[in-house]
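Asker: Structure in structure tokens, see below.
2 protein chains.
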Amino acid sequence: MKTKRPTLRDVAREANVSYQTVSRVINDNDHVSPLTRSRVQKAINALGFRPNRAAQLMQTERSHTIEVILFYSGFNHFLYEMARTSQQLGYHFSISAITEEEFVSTLESAASRFVDGLILLPVTRGIEDYETLMDLTDGIPFVQITAKAGSNIPSVMYDQIQGARLAAQHLIDLGHRQMAEISGPLQNYDGGDRHEGWITTLKNNGLDYSMSVEGDFNIDSGYRAMNRLLDEDAEFTAVFVGNDSMAFGAHTALRERGLCVPQDVSIVGFDDIPESAHFVPGLTTVRQDFELIGRLAVEFLVGMVENPGTPIHQRVLQPKLIVRGSTQALT
Amino acid sequence: MKTKRPTLRDVAREANVSYQTVSRVINDNDHVSPLTRSRVQKAINALGFRPNRAAQLMQTERSHTIEVILFYSGFNHFLYEMARTSQQLGYHFSISAITEEEFVSTLESAASRFVDGLILLPVTRGIEDYETLMDLTDGIPFVQITAKAGSNIPSVMYDQIQGARLAAQHLIDLGHRQMAEISGPLQNYDGGDRHEGWITTLKNNGLDYSMSVEGDFNIDSGYRAMNRLLDEDAEFTAVFVGNDSMAFGAHTALRERGLCVPQDVSIVGFDDIPESAHFVPGLTTVRQDFELIGRLAVEFLVGMVENPGTPIHQRVLQPKLIVRGSTQALT
DNA sequence: AGTTAAATTGTGAACAGTCACATATTTTAT
DNA sequence: ATAAAATATGTGACTGTTCACAATTTAACT
Numbered sequence: 001m002k003t004k005r006p007t008l009r010d011v012a013r014e015a016n017v018s019y020q021t022v023s024r025v026i027n028d029n030d031h032v033s034p035l036t037r038s039r040v041q042k043a044i045n046a047l048g049f050r051p052n053r054a055a056q057l058m059q060t061e062r063s064h065t066i067e068v069i070l071f072y073s074g075f076n077h078f079l080y081e082m083a084r085t086s087q088q089l090g091y092h093f094s095i096s097a098i099t100e101e102e103f104v105s106t107l108e109s110a111a112s113r114f115v116d117g118l119i120l121l122p123v124t125r126g127i128e129d130y131e132t133l134m135d136l137t138d139g140i141p142f143v144q145i146t147a148k149a150g151s152n153i154p155s156v157m158y159d160q161i162q163g164a165r166l167a168a169q170h171l172i173d174l175g176h177r178q179m180a181e182i183s184g185p186l187q188n189y190d191g192g193d194r195h196e197g198w199i200t201t202l203k204n205n206g207l208d209y210s211m212s213v214e215g216d217f218n219i220d221s222g223y224r225a226m227n228r229l230l231d232e233d234a235e236f237t238a239v240f241v242g243n244d245s246m247a248f249g250a251h252t253a254l255r256e257r258g259l260c261v262p263q264d265v266s267i268v269g270f271d272d273i274p275e276s277a278h279f280v281p282g283l284t285t286v287r288q289d290f291e292l293i294g295r296l297a298v299e300f301l302v303g304m305v306e307n308p309g310t311p312i313h314q315r316v317l318q319p320k321l322i323v324r325g326s327t328q329a330l331t
Numbered sequence: 332m333k334t335k336r337p338t339l340r341d342v343a344r345e346a347n348v349s350y351q352t353v354s355r356v357i358n359d360n361d362h363v364s365p366l367t368r369s370r371v372q373k374a375i376n377a378l379g380f381r382p383n384r385a386a387q388l389m390q391t392e393r394s395h396t397i398e399v400i401l402f403y404s405g406f407n408h409f410l411y412e413m414a415r416t417s418q419q420l421g422y423h424f425s426i427s428a429i430t431e432e433e434f435v436s437t438l439e440s441a442a443s444r445f446v447d448g449l450i451l452l453p454v455t456r457g458i459e460d461y462e463t464l465m466d467l468t469d470g471i472p473f474v475q476i477t478a479k480a481g482s483n484i485p486s487v488m489y490d491q492i493q494g495a496r497l498a499a500q501h502l503i504d505l506g507h508r509q510m511a512e513i514s515g516p517l518q519n520y521d522g523g524d525r526h527e528g529w530i531t532t533l534k535n536n537g538l539d540y541s542m543s544v545e546g547d548f549n550i551d552s553g554y555r556a557m558n559r560l561l562d563e564d565a566e567f568t569a570v571f572v573g574n575d576s577m578a579f580g581a582h583t584a585l586r587e588r589g590l591c592v593p594q595d596v597s598i599v600g601f602d603d604i605p606e607s608a609h610f611v612p613g614l615t616t617v618r619q620d621f622e623l624i625g626r627l628a629v630e631f632l633v634g635m636v637e638n639p640g641t642p643i644h645q646r647v648l649q650p651k652l653i654v655r656g657s658t659q660a661l662t
């Protein structure tokens, strides 16, 4: 038996003012005398009044909501930090976990719910033009996490190519000349860029870069990929793996064949997830701070929402190589 | 220069019907002749009309939103699955990442936004009475993930006590008699229950259960906890760790002291995260399926939302012991 | 004191839907 | 054919807020 919630007008009656004055009080900023304000405040507390967000939303056409559009589950790291940052900046945070076909209708839905800003986490390279995308979102500002470097889409990202370059150079410096790769999905921004960084560095050093198997970033896929390399009798003394999870899987496959890391094969991963430091041996990897990315993306987006003049730009962070026990110099 | 979106009335004019008829069309179910329906549909498409969700929300007082309230970041596993399940059941999904002090105001906010259902992920044991909580949520149905077993709060959970019992019994069966524990936070539902299950099983077997250090579920905390045990010269041949992450940290600490797993110390973890199978040695652990929990919680909640008569109950799942290389019989 | 300006408060309309009910039309039963 | 029931469509009122503007009160200057 839910008893009807009190409205602006109930409060107004209680406090002997007009509803407009109450509206001013709940929206803080306007001119209203301290005396009246406190009287209204008292009435609000007495009645347990809470503004009806639906009515405010209809009127203002602003929901104070940031929505992230996810095509796939690999991005859990970001979510908490994005939610928390949104909260702290005064926004609600919602998630649309969708398939690629649902993309357009999701954007339409976001517009009809007056979502203030969108964070896009695309897997595959899709629309890569700012104007086109802005048209689809019906003018809702957005920030993409990971994107094509140098594109005109507002984005926050680590320089994946540079990360892979660091990994490759590290192995080269250790004297490795025959190296394999287990890449992430090549049509993903991150998977593709890491692959590119790897390939070009090897190429620039006159090394063979043909030993490469594509994985899907999941741990088991690393296991399968390494088995495939070994089944093909690939000869390598080091392997670059597209992310740390797959590196763990690859390591298991090596052990099962009696190969030791790093004595027989050196491994470099990517991401530096917390487990990597405690793995045996410690995993040499390229560090990205996912929480930072999540926070920056939300801050960037909220900046665009509240400050429409914000110039469109990409925020590119530089990853760092973390050397641990899984790599050693070629003896 | 956003051109005003068309409204019900614009469509009505275009199709030469009343706005009420258009309303019927967009809400599907009502009686409206096929001919009129198609005429209206055509007008909708022609104008690119999309119903204004804010106006619908105000009128219907239903947002079609499931909101999860998170006090802390340890629950990423659930989020994607919950978001996806909500989506599939026709609900939006939002996250409030809050601190304990923000709890009450968050519930009030949820009510004023007409959130349909809440998923609560409490850390510490808080309010444990259904009526009290229902009162706070202003009648919004909710499901808690992890709760006190046997409470009257609707919840989806694994039997943590039973999980710990499995772990303890496994070690006892292997012949271990001197065993240590690195627990999760004792005031958490899961951390506390695992501790309880562990303690009681040891007690029932007449074994000493005093070697116990409390951690915080993070990987580094496992490392620190194990160092504390070793610094105190605790004598044990096996250790039960409150979750897999901490088990990895504990393992590192053991290695640094030259102790081998499982030859010198057996380890049992909890959760069975993907990395556990690929760890060296493979981690014996108690498996919980987080994705399943997330899905069940949302399904349960949506059931309650759409079917107010749903009887309040707890859904308790039984975890499973996964034996790997980190445990061995006492020689 | 009288005028002007500033601060404070109030009024009517609008937002874009849904609901309850009224009316018109068609179908079915007697 | 006529009444009754079912179906299809329309009308007016209402949801709870904000906006633009009007009206009132108070303060500030000559």
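Protein chains in written order, with the working numbering: chain W, 1 to 331; chain Y, 332 to 662. Glycine is no exception: its CB is placed at the ideal position from the N, C-alpha and C atoms. Treat the numbers as computed from the prediction; the structure is a model and nothing was measured.
Comparing the C-beta of Y:Ile-550 with each C-beta of chain W, is any distance below 7 Å?
Answerer: As a working note, residue 550 of chain Y is residue 219 in the second sequence. So, interface residue.
Asker: Alpha carbon to alpha carbon, how far is Y:Thr-463 from W:Asn-52? Give it in angstroms, no decimals.
Answerer: By 1-based counting over the first sequence, the position of residue 52 of chain W is 52. By 1-based counting over the second sequence, the position of residue 463 of chain Y is 132. Going by the C-alpha atoms only, they are around 23 Å apart.
Asker: So, is W:Asn-307 buried or exposed, given that buried needs 16 or more other C-beta atoms within 10 angstroms?
Answerer: One-based indexing of the first sequence puts residue 307 of chain W at position 307. The residue in question, W:Asn-307, is exposed, as its Cβ has fewer than 16 Cβ neighbours within 10 Å.
Asker: Just the chain Y side, please: which residues come within less than 7 Å of W:Ala-339 by C-beta, in chain order?
Answerer: Residue 339 of chain W is absent from the structure shown; chain W starts at 1 and stops at 331.
Asker: Return the residue from the list W:Ile-172, W:His-251, W:Arg-39 that minimises the CA-CA distance to Y:Ala-608.
Answerer: Numbered from 1 along the second sequence, position 277 holds the residue referred to as residue 608 of chain Y. Minimum Cα distance to Y:Ala-608 is reached at W:His-251.
Asker: Determine the direct distance from the alpha carbon of W:Ala-54 to that of W:Ala-274, and round the result to whole angstroms.
Answerer: Reading the first sequence from its first residue, position 274 is the one you call residue 274 of chain W. Reading the first sequence from its first residue, position 54 is the one you call residue 54 of chain W. For the sequence presented, residue 274 of chain W should be read as Pro rather than Ala. Looking at the two C-alpha atoms, the distance is approximately 42 Å.
Asker: Can you tell me whether DSSP reads Y:Gly-600 as helix, strand or coil?
Answerer: Walking along the second sequence from the start, residue 600 of chain Y turns up at place 269. Three-state DSSP puts Y:Gly-600 in coil, outside helix and strand.
Asker: With a CB to CB cut of under 8 Å and the five nearest residues on each side skipped, what residues in its chain are close to W:Val-239?
Answerer: Numbered from its first residue, the first sequence carries residue 239 of chain W at position 239. For W:Val-239, where only same-chain residues beyond five positions count, the Cβ hits under 8 Å are Met-179, Ala-180, Glu-181, Ile-182, Met-226, Leu-229, Ala-250, Val-265, Ser-266, Ile-267, Val-268.
Asker: Measuring only the C-alpha atoms, how far is W:Val-316 from W:Ile-145?
Answerer: The residue labelled residue 316 of chain W in the question sits at position 316 within the first sequence. The residue labelled residue 145 of chain W in the question sits at position 145 within the first sequence. Spanning the two alpha carbons is a distance of roughly 10 Å.
Asker: To be precise: take each residue of the stretch 442 to 454 of chain Y, compare its Cβ to all Cβ atoms of chain W, and keep it if any distance is under 8 Å. Which residues remain?
Answerer: Cβ contacts with chain W: Ala-442, Ser-443, Arg-444, Phe-445.
Asker: Which class does Y:Tyr-489 belong to by DSSP, given the choice of helix, strand or coil?
Answerer: As a working mapping, residue 489 of chain Y is identified with position 158 in the second sequence. Three-state result, Y:Tyr-489: strand.
Asker: On the criterion of 16 or more Cβ atoms from any shown chain inside 10 Å, does W:Arg-113 qualify as buried, or is it exposed?
Answerer: By one-based count along the first sequence, residue 113 of chain W stands at place 113. It counts as buried.
Asker: Going by the beta-carbon positions, is the gap between Y:Val-629 and Y:Thr-416 smaller than 7 Å?
Answerer: For this step, residue 629 of chain Y is matched to residue 298 along the second sequence. For this step, residue 416 of chain Y is matched to residue 85 along the second sequence. Going by C-beta atoms, Y:Val-629 is nearer than 7 Å to Y:Thr-416.
Asker: By how many angstroms is the C-alpha of W:Phe-49 removed from the C-alpha of W:Ile-140?
Answerer: As a position in the first sequence, residue 140 of chain W is number 140, starting the count at 1. As a position in the first sequence, residue 49 of chain W is number 49, starting the count at 1. Looking at the two C-alpha atoms, the distance is approximately 32 Å.
Asker: Taking contact to mean at least 3 C-beta pairs separated by less than 8 Å, is the stretch 418 to 430 of chain Y in contact with the stretch 96 to 103 of chain W?
Answerer: Yes, they touch.
Asker: Consider the Cβ of Y:Ile-397: report whether some Cβ of chain W lies at a distance smaller than 7 Å.
Answerer: Locating residue 397 of chain Y in the second sequence gives position 66, counting from the first residue. It does not; no Cβ of chain W falls within 7 Å.
Asker: Please name the residue in W:Ile-293, W:Leu-321, W:Ile-312 whose C-alpha comes closest to that of W:Leu-283.
Answerer: Numbered from its first residue, the first sequence carries residue 283 of chain W at position 283. Nearest C-alpha to W:Leu-283: W:Leu-321.
Asker: Check whether the stretch 497 to 510 of chain Y and the stretch 534 to 542 of chain Y are in contact - that is, three or more C-beta pairs closer than 8 Å.
Answerer: As far as the Cβ criterion goes, the stretch 497 to 510 of chain Y touches the stretch 534 to 542 of chain Y, which means the pair count is three or higher.
Asker: Between W:Met-304, W:Glu-128, W:Phe-270, which has its C-alpha nearest W:Ser-326's C-alpha?
Answerer: Taking the first sequence and counting its residues from 1, one reaches residue 326 of chain W at position 326. For the residues W:Met-304, W:Glu-128, W:Phe-270, the minimum Cα distance to W:Ser-326 belongs to W:Phe-270.
Asker: Does any CB atom of chain W fall closer than 7 Å to the CB of Y:Ala-628?
Answerer: For the purposes of this step, residue 628 of chain Y is taken as residue 297 along the second sequence, with counting starting at 1. No, because no Cβ of chain W sits closer than 7 Å to the Cβ of Y:Ala-628.
Asker: Short of 7 Å in beta carbon distance, which residues of its chain neighbour W:Val-261, apart from the five on each side in sequence? Order them along the chain.
Answerer: Reading the first sequence from its first residue, position 261 is the one you call residue 261 of chain W. Result list for W:Val-261: His-251, Leu-254, Ile-267, Pro-281, Ser-326, in chain order.
Asker: State yes or no: is the beta carbon of Y:Asn-558 nearer than 7 Å to at least one beta carbon in chain W?
Answerer: The residue you call residue 558 of chain Y lines up with position 227 of the second sequence. No - not a single Cβ of chain W is within 7 Å of the one on Y:Asn-558.
Asker: Can you pull out the residues from the stretch 478 to 511 of chain Y whose beta carbon lies closer than 8 Å to at least one beta carbon of chain W?
Answerer: Under the 8 Å Cβ criterion, the stretch 478 to 511 of chain Y contributes no residue.
Asker: What residues from the stretch 45 to 59 of chain W come within 8 Å of chain Y, judged by C-beta to C-beta, listed N to C?
Answerer: Listed in sequence order: Arg-50, Pro-51, Asn-52, Arg-53, Ala-54, Ala-55, Leu-57, Met-58.
Asker: Please state whether the Cβ-Cβ distance between Y:His-408 and Y:Phe-631 is less than 7 Å.
Answerer: Taking the first residue of the second sequence as position 1, residue 408 of chain Y is located at position 77. Taking the first residue of the second sequence as position 1, residue 631 of chain Y is located at position 300. No. Outside cutoff.
Asker: Mind listing the chain Y neighbours of W:Ser-94? Cutoff is C-beta to C-beta under 8 Å, in chain order.
Answerer: Along the first sequence, read from residue 1 onward, the residue named residue 94 of chain W stands at position 94. Here the neighbours are Thr-396, His-423, Phe-424, Ser-425, Ile-426.
Asker: Take W:Gly-74 and list the residues in its own chain whose beta-carbon comes closer than 7 Å to its own, dropping the five residues that flank it on each side.
Answerer: Here residue 74 of chain W refers to the residue found at position 74 of the first sequence. Result list for W:Gly-74: Phe-217, in chain order.
Asker: Between the alpha carbons of W:Glu-102 and Y:Asp-524, how many angstroms are there, rounded?
Answerer: Stepping through the first sequence from its first residue, residue 102 of chain W is reached at position 102. Stepping through the second sequence from its first residue, residue 524 of chain Y is reached at position 193. The straight-line gap from Cα to Cα measures roughly 42 Å.
Asker: When the Cα atoms are used, what is the spatial distance from W:Tyr-223 to W:Met-246?
Answerer: Stepping through the first sequence from its first residue, residue 223 of chain W is reached at position 223. Stepping through the first sequence from its first residue, residue 246 of chain W is reached at position 246. Going from the Cα of W:Tyr-223 to the Cα of W:Met-246 covers about 7 Å.
Asker: Identify the contact partners of Y:Ser-404 in chain W, using a Cβ-Cβ distance below 7 Å as the criterion.
Answerer: In the second sequence, counting from the first residue as 1, residue 404 of chain Y sits at position 73. Those are Tyr-80, listed as they occur along chain W.
Asker: Give me the DSSP bridge partner(s) of Y:Met-279.
Answerer: Because chain Y spans 332 through 662 in this model, residue 279 of chain Y falls outside it and cannot be assessed.
Asker: For Y:Ala-565, return the contacting residues in chain W, with the cut-off set at a CB-CB distance below 9 Å.
Answerer: As a first step, residue 565 of chain Y must be located in the second sequence, where it is residue number 234. Within chain W, no residue comes near Y:Ala-565; the closest Cβ sits about 21 Å away, beyond 9 Å.
Asker: Going along chain Y, which residues have a C-beta under 8 Å from W:Ser-326?
Answerer: Residue 326 of chain W sits at position 326 when you count from the first residue of the first sequence. Near W:Ser-326 there are no residues of chain Y at all, since even the closest Cβ is about 12 Å away, more than 8 Å.
Asker: With respect to the alpha helix (DSSP H) encompassing W:Lys-4, which residues constitute its N-terminal and C-terminal limits?
Answerer: Position 4 of the first sequence, counted from the start, is the residue given in the question as residue 4 of chain W. Unbroken run through W:Lys-4: none, as it is neither H nor E.
Asker: Considering only C-alpha positions, which residue in the set W:Phe-71, W:Gln-263, W:Thr-285, W:Gly-303 is nearest to W:Asn-188?
Answerer: As a first step, residue 188 of chain W is located in the first sequence; it is residue number 188 there, counting from the start. Nearest of W:Phe-71, W:Gln-263, W:Thr-285, W:Gly-303 to W:Asn-188, Cα basis: W:Phe-71.
Asker: Quick one: complete alpha helix (DSSP H) runs, 4+ long, within the stretch 201 to 236 of chain W?
Answerer: Qualifying alpha helix (DSSP H) stretches, in chain order: 219 to 231.
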